[in-house]
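Student:
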Amino acid sequence: MTRTVLVDTGFVVALVNKTDPDHERCTAVWGDLHARLLTVEGVLVESTHMLRKARNGPAAAIGLLFDSAAKIIPASETRARRAIALMAKYRDVPMDFVDAMLVVIAEERRARDVLTLDRRGFEAYRILGRERFRLLPEQA
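Take the position in the sequence shown, starting the count at 1, then add 52; the result is the number in our numbering.
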């Protein structure tokens, strides 16, 4: 059975931006990854915005996700309402809407693994209030 892995913004940015301090760690994980990839539209928006000044940055971020066959899970009213509830629950962490949507998708798909550099957030968040995420790449 193929495992499901969520993709967060910081990971995409580090993978595309060769000058990012986490680029090599992310590249190593990406090269060894054999998984079903899921993300949300907000990751596309944030990644392209953060890479807007990098040469071909936005196109590279979009290409990376689509070429990897990552499934972009759309927002729905039900998902957005759950995300808002999670943002209230984790307001002290804090949690933004994109992270909340990734947690919603993790709950729906029973996905524990997440490609992220947001250790503070994803170490605090819980799937269905109980289960911890497994963060990739692992701590350096």
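Heads up, the beta-carbon is just placed ideally off N, CA and C, and yes, glycines get one too. These figures come from a predicted structure and were not determined experimentally.
Closer than 6 Å by C-beta to Gly173: which residues in its own chain qualify, once you throw out the five before and the five after it? Chain order, please.
Tutor: Cβ neighbours of Gly173 beyond the five flanking positions: Val145, Asp151.
Student: Inspect the beta-carbon positions of Leu67 and Leu103 and report whether they are closer than 8 Å.
Tutor: No, they are not a contact pair.
Student: Is it true that the CB of Leu187 sits closer than 8 Å to the CB of Val166?
Tutor: For Val166 and Leu187, yes; Cβs fall inside 8 Å.
Student: First and last residue of the beta strand (DSSP E) that includes Asp165?
Tutor: 165 to 167 is the span of the beta strand (DSSP E), which, as asked, contains Asp165.
Student: Note the first and the last residue of the continuous alpha helix (DSSP H) segment covering Val156.
Tutor: Segment 149 to 161, the alpha helix (DSSP H) holding Val156.
Student: Taking 8 Å as the threshold, find out whether the region 118 to 127 comes into contact with the region 85 to 97 through three or more Cβ pairs.
Tutor: Taking 8 Å as the limit for Cβ pairs, the verdict is that the region 85 to 97 does touch the region 118 to 127.
Student: With 16 as the cutoff for other CB atoms within 10 Å, does Ile136 come out buried or exposed?
Tutor: The residue is exposed, with fewer than 16 neighbouring Cβ atoms inside 10 Å.
Student: Quick check on Leu85: does DSSP put it in helix, strand or coil?
Tutor: In this structure, Leu85 counts as coil in the three-state DSSP scheme.
Student: Kindly indicate which three-state DSSP category Val92 falls into: helix, strand or coil?
Tutor: Residue state, collapsed to three classes: strand.
Student: For Leu180, count neighbouring Cβ atoms within 10 angstroms of its own Cβ and tell me buried if that reaches 16, exposed if not.
Tutor: Classification of Leu180: exposed, given that the 10 Å Cβ count is below 16.
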